[in-house]
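Residue numbers (UniProt numbering): 1 to 278.
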């Protein structure tokens with residue numbers, strides 16, 4: 001019997017929302033959608049200017065942080081007839097990469113990274129960068145999370161930082177996040193799945209204390225990815241279910257394993273009490 005049978009699981013994701021709900025339902029869970037990412041807005045004019053600046057300037061390092069960010073810059077280069085110049089420039093420079101989707105984009109373009117974040121985090125990537133010289137410059141494709149922090153950190157390493165922001169997110173629907181908060185606080189959900197740091201920040205923007213109490217006393221926080229899991233812990237949640245492989249299917253398997261293990265442990269305790277009374 002599936003450990004998820006009869007469980008009610010909230011899903012805060014926007015992208016792949018339907019796929020995640022289907023995976024949970026196949027395991028016997030009731031999946032409830034609370035999309036909390038916010039609509040993605042591509043900054044096409046900004047991306048075009050970023051590409052022009054990138055081609056005209058020289059950089060010691062190019063940091064690409066998301067597949068959608070790299071693709072948006074590529075699309076802008078195509079639209080303005082600069083694709084060949086853009087790709088040729090990337091071939092010449094040292095590329096530092098965060099995230100599996102970014103790496104996949106590089107592979108499609110037959111580009112070779114000089115640095116890849118070992119665990120998919122910016123912390124790991126920036127720690128591996130050498131200190132900059134007096135005239136060192138880095139092109140940072142930001143990803144709408146701690147942009148100012150990473151700019152400041154790179155400047156502290158001695159780099160002049162050019163920040164590219166190919167996209168941003170609008171706030172999610174307030175009514176949706178309110179319903180999710182109410183469900184968490186009422187503990188009408190057994191678990192909640194988060195797939196990005198942005199979702200966590202949006203949901204915990206209000207009623208944080210009450211929600212943390214619920215998560216630490218019954219509701220299970222589930223994360224896809226180290227960054228998302230880390231942000232949940234930063235909110236004060238003591239236990240987060242996360243798969244070693246940062247994929248949706250692995251997340252569902254890990255959540256099912258958690259519940260099955262919990263059920264087995266309760267059964268062992270109950271059996272032990274019964275035997276002790278005989």
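Built from N, CA and C at the ideal position, the CB exists for glycine as well.
Here the alpha carbons of residue 7 and residue 112 stand approximately 44 Å from one another.
When DSSP states are grouped into helix, strand and coil, residue 221 belongs to the strand group. Taking C-beta atoms as the reference points, residue 102 and residue 126 fail to come closer than 8 Å.
When DSSP reads this structure, residue 162 sits in a beta bridge with 139.
The three-state secondary structure of residue 215, taken from DSSP, is helix. Within a 10 Å sphere around the beta-carbon of residue 242 sit 16 or more other beta-carbons, which makes this residue buried.
In terms of Cβ geometry, residue 137 and residue 58 form a close pair [threshold 8 Å].
By the criterion of at least three beta-carbon pairs nearer than 8 Å, the segment 34-54 is in contact with the segment 174-185. Counting C-beta atoms within 10 angstroms of its own C-beta, residue 238 has fewer than 16 neighbours from the protein chains shown and is therefore classed as exposed. Under the rule that a run must span 4 or more residues, the alpha helix (DSSP H) segments found entirely inside the segment 31-63 read 44-56. In the structure shown, residue 115 falls within a strand segment according to DSSP collapsed to helix, strand and coil. Within the same chain, 98, 99, 100, 225, 226, 227 and 246 come within 8 Å of residue 120 by CB-CB distance, once the 5 residues on both sides are set aside.
For residue 237, the secondary structure class from DSSP, reduced to helix, strand or coil, is coil.
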